[in-house]
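Last residue of the sequence shown: 122 (our numbering), numbering continuous.
So the structure is just underneath, and the comments pick up after that.
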Amino acid sequence: MWGEDSPGLRQDGDGHGVEESNPERGVRTGLSGVMIYGTAELDYGDILPTAITICEKYMSKERAKSFAEDIAENVMDLTVSVKPERMITFHF
């Protein structure tokens with residue numbers, strides 16, 4: 031899993047990813063995220079166009095369309111848009 035697939039990372043003794051650029055710090059890549067505080071707007075309309083746009087950031091256009099169509103068929107149509115007022119990021 032690590033190696034060619036994850037350049038700049040190695041696995042430590044516990045199986046966590048550690049950044050090769052600074053191994054003495056032992057930065058683990060296993061848990062990171064963002065918390066967004068703000069006002070949310072719910073849209074129960076068609077999610078397909080939004081799902082395709084998001085998926086295209088991570089895969090080819092053809093695969094994104096197929097993947098997004100599968101999502102749209104199997105989940106409730108809901109898009110949540112957040113107007114951020116405060117964001118907190120973390121990396122453990």
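Cβ coordinates follow ideal geometry from the N, Cα and C atoms, glycine included.
- Message: Buried or exposed, going by whether 16 or more other CB atoms sit within 10 Å of the CB of residue 74?
- Response: Burial call: exposed.
- Message: Is the separation between the beta-carbon of residue 80 and that of residue 109 shorter than 8 Å?
- Response: Yes, the pair counts as a contact, with Cβ atoms nearer than the cut-off.
- Is the beta carbon of residue 67 less than 8 Å from the beta carbon of residue 103? no
- Task: Within its chain, find whatever has a CB closer than 6 Å to the CB of residue 65; leave out the 5 residues flanking it on each side and keep chain order.
- Result: 118
- Item | Own chain partners of residue 97 with C-beta closer than 6 Å, once the 5 adjacent residues on each side are dropped | 85
- Could you tell me the boundaries of the alpha helix (DSSP H) in which residue 111 lies? For residue 111, no alpha helix (DSSP H) encloses it; the enclosing beta strand (DSSP E) starts and ends at 109-121.
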